[in-house]
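J.: Handing you a structure now.
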Amino acid sequence: MPLADSDGTSIYYERHGSGPAILFVHGSGGHHAAWWQQVAALREEFTVVTVDLRGFGKSDSSMTEFDGQDFPGDVVAVLDQEDLTDVMLVGQSIGSVAALRAGLLRPERVGSVVLGHSLGGISHSELTELAAADRAEAVKLPVIDRLLTKRFQQERADLTFLFQQMGTFNVARMQDLRNLDTDGPSLGDIRNSGVRVAFLAGEKDAVLSVKTVTRAHELLPGSHLEIVPGAPHSMYWETPAEYNAAVAHLRRTLTAPKEAA
Numbered sequence: 021m022p023l024a025d026s027d028g029t030s031i032y033y034e035r036h037g038s039g040p041a042i043l044f045v046h047g048s049g050g051h052h053a054a055w056w057q058q059v060a061a062l063r064e065e066f067t068v069v070t071v072d073l074r075g076f077g078k079s080d081s082s083m084t085e086f087d088g089q090d091f092p093g094d095v096v097a098v099l100d101q102e103d104l105t106d107v108m109l110v111g112q113s114i115g116s117v118a119a120l121r122a123g124l125l126r127p128e129r130v131g132s133v134v135l136g137h138s139l140g141g142i143s144h145s146e147l148t149e150l151a152a153a154d155r156a157e158a159v160k161l162p163v164i165d166r167l168l169t170k171r172f173q174q175e176r177a178d179l180t181f182l183f184q185q186m187g188t189f190n191v192a193r194m195q196d197l198r199n200l201d202t203d204g205p206s207l208g209d210i211r212n213s214g215v216r217v218a219f220l221a222g223e224k225d226a227v228l229s230v231k232t233v234t235r236a237h238e239l240l241p242g243s244h245l246e247i248v249p250g251a252p253h254s255m256y257w258e259t260p261a262e263y264n265a266a267v268a269h270l271r272r273t274l275t276a277p278k279e280a281a
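One point on numbering: in the working numbering, the residue at position 73 of the sequence shown is 93, and numbering is uninterrupted.
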């Protein structure tokens, strides 16, 4: 069983396929197995790495409390253990915050970070205000309606049930990740790191609006923006073909040397 040591904490991860590396960082209800539709589709062309943050899946969950500030180090531990370079980190929702911070900690290993349905915890007053307004609307909806469309829930009750069951394998909860946003990186920090950033958004995301993500893209020169039509917050689950195509496109697009960015 592959394990990486993150300051004494055992972090479970898996590595599949070969080629340019993509490492997926799950959100608050996920773990390594949540990426089953991505691994199967992408491993023929890419090295696909999935990881369980501490408190999730098969990683060490024995601690009495969790500090979200430790999660980026869990990602870094896997990068170092596998001696990966020119990696594209792909975060899902709040997992994008851990992904961005990990990228800034190891810019010599990380070529790019894809912020999926997230602003990555970027410290910027305008973006914070926009995201808060989106969140105020999102909390009016049942949790499942924030993540998956009503149509998908009705037509794919089986996959909706499995989606909800995924979180039952985790000890850590959403509140354990929230402080990841504390003291986030500035736009200048990101630019100076040389790590390339892409925003990946769903047209029907009920948690973070396309308008907000587009504004973040505008404020970060050199960033990329991918908007998937009809996709919800959890597009990796509901619309995997479109999500996988977007991720593959970004991996191919963001392979240029940082100096040329």
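Glycine included, every Cβ here is placed at the ideal spot set by N, Cα and C. For clarity, every value in this text was computed on a predicted model and none was experimentally measured.
Tell me whether threonine 67 sits in a helix, a strand or coil according to DSSP, three-state version.
T.: The residue labelled residue 67 in the question sits at position 47 within the sequence shown. Strand at threonine 67.
J.: Just the C-alpha distance for glycine 136 and leucine 220, rounded to the nearest angstrom, thanks.
T.: On the sequence shown, residue 136 is found 116 positions in, with the first residue counted as 1. On the sequence shown, residue 220 is found 200 positions in, with the first residue counted as 1. Near 5 Å, if we compare the C-alpha coordinates of leucine 220 and glycine 136.
J.: Cutting at 8 Å between CB atoms, please list the residues of its own chain near alanine 266, excluding the five before and the five after it.
T.: If you number the sequence shown from 1, residue 266 lands on position 246. For alanine 266, where only same-chain residues beyond five positions count, the Cβ hits under 8 Å are Leu220, Glu246, Val248.
J.: Could you say if the stretch 146–157 and the stretch 169–186 meet the contact criterion of at least three C-beta pairs nearer than 8 Å?
T.: As far as the Cβ criterion goes, the stretch 146–157 does not touch the stretch 169–186, which means the pair count is below three.
J.: Contact check, isoleucine 114 vs glycine 204 under 8 Å by CB: the rounded distance?
T.: Looking up residue 114 in the sequence shown gives position 94. Looking up residue 204 in the sequence shown gives position 184. Their Cβ separation, rounded to whole angstroms, is 12 Å, which puts isoleucine 114 and glycine 204 out of contact at 8 Å.
J.: Taking serine 26 as the reference, which of Asn190, Phe44, Leu73 has the closest Cα?
T.: Taking the first residue of the sequence shown as position 1, residue 26 is located at position 6. Serine 26 has its Cα closest to that of Leu73, out of Asn190, Phe44, Leu73.
J.: Using 8 Å as the Cβ pair cut-off and three pairs as the minimum, do the stretch 174–188 and the stretch 90–107 touch?
T.: With the cut-off at 8 Å, the stretch 174–188 and the stretch 90–107 do not touch.
J.: What residues in its chain sit with their C-beta under 6 Å from that of histidine 36, if we drop five residues either side in the sequence?
T.: Residue numbering aside, residue 36 sits at position 16 when the sequence shown is read from its first letter. Counting only Cβ-Cβ distances below 6 Å, and skipping sequence neighbours, we find Val59, Arg63, Val68.
J.: According to DSSP, is aspartate 25 part of a helix, a strand, or is it coil?
T.: Against the sequence shown, residue 25 aligns to sequence position 5. In this structure, aspartate 25 counts as strand in the three-state DSSP scheme.
J.: Which residue comes first and which comes last in the alpha helix (DSSP H) that contains serine 116?
T.: Taking the sequence shown and counting its residues from 1, one reaches residue 116 at position 96. Start and end: 115–125.
J.: Is it buried or exposed, threonine 169, if we count other Cβ atoms within 10 angstroms and call 16 or more buried?
T.: Taking the first residue of the sequence shown as position 1, residue 169 is located at position 149. Threonine 169 is buried by the Cβ-count criterion.
J.: Taking 9 Å as the cut-off, decide whether the C-beta atoms of valine 227 and valine 133 are in contact.
T.: Stepping through the sequence shown from its first residue, residue 227 is reached at position 207. Stepping through the sequence shown from its first residue, residue 133 is reached at position 113. No. Outside cutoff.
J.: Cβ of alanine 153 less than 9 Å from any chain D Cβ?
T.: The structure shown has no chain D; it contains just one protein chain.
J.: Please go through the same chain and pick out, in chain order, the residues whose beta-carbon is closer than 8 Å to the beta-carbon of leucine 239, but skip the five residues on each side of it.
T.: In the sequence shown, counting from the first residue as 1, residue 239 sits at position 219. So the qualifying residues of the chain are His144, Glu146, Leu147, Leu207.
J.: Jot down the residue ranges of each uninterrupted alpha helix (DSSP H) in the stretch 160–212, minimum 4 residues, whole runs only, in chain order.
T.: DSSP runs (the alpha helix (DSSP H)) wholly in the stretch 160–212: 163–167, 170–175, 177–186, 194–197.
J.: Go to histidine 237, then tell me how far its alpha helix (DSSP H) extends in each direction, as first and last residue.
T.: Position 217 of the sequence shown, counting from 1, holds the residue named residue 237. Its alpha helix (DSSP H) spans residues 230–239.
J.: Which first and last residues belong to the alpha helix (DSSP H) in which phenylalanine 91 is found?
T.: Position 71 of the sequence shown, counted from the start, is the residue given in the question as residue 91. Segment 91–101, the alpha helix (DSSP H) holding phenylalanine 91.
J.: Report the partner residues of methionine 108 according to the DSSP bridge assignment.
T.: Within the sequence shown, the letter at position 88 stands for residue 108. DSSP output for methionine 108 lists Ile42, Ser132 as bridge partner(s).
J.: Comparing alpha-carbon positions, which option in Thr232, Ala192, Leu200 lies nearest glycine 77?
T.: Counting from 1 along the sequence shown, the entry for residue 77 is found at position 57. Cα-wise, what sits closest to glycine 77 is Ala192.
J.: Kindly give me the distance between the Cβ atoms of glycine 39 and glutamine 112, rounded to whole angstroms, as I take these residues to be in contact under 8 Å.
T.: Counting from 1 along the sequence shown, the entry for residue 39 is found at position 19. Counting from 1 along the sequence shown, the entry for residue 112 is found at position 92. Glycine 39 to glutamine 112, Cβ: 21 Å. No contact.
J.: Grab me the residues of glycine 131's own chain with a C-beta within less than 6 Å of its C-beta, minus the 5 sequence neighbours each way, in chain order.
T.: Numbered from its first residue, the sequence shown carries residue 131 at position 111. Once the five neighbours on either side are set aside, the close Cβ partners of glycine 131 are Asp106.
J.: DSSP on serine 138, reduced to helix/strand/coil?
T.: For the purposes of this step, residue 138 is taken as residue 118 along the sequence shown, with counting starting at 1. It is coil, neither helix nor strand.
J.: Can you give the Cα-Cα distance for glutamate 65 and tyrosine 263, rounded to whole angstroms?
T.: By 1-based counting over the sequence shown, the position of residue 65 is 45. By 1-based counting over the sequence shown, the position of residue 263 is 243. Distance between the alpha carbons of glutamate 65 and tyrosine 263 is about 16 Å.
J.: Can phenylalanine 91 and leucine 200 be called in contact, C-beta distance under 9 Å?
T.: Position 71 of the sequence shown, counted from the first residue, corresponds to residue 91. Position 180 of the sequence shown, counted from the first residue, corresponds to residue 200. Contact flag set, yes.
J.: Smallest Cα separation from leucine 109: which of His46, Val163, Asp80, His253?
T.: To locate residue 109, count along the sequence shown from 1; it is residue 89. Checking every option, the nearest Cα to that of leucine 109 belongs to His46.
J.: Would the beta-carbon of serine 254 fall within 9 Å of that of aspartate 154?
T.: Numbered from its first residue, the sequence shown carries residue 254 at position 234. Numbered from its first residue, the sequence shown carries residue 154 at position 134. No, these two residues do not count as a Cβ contact at 9 Å.
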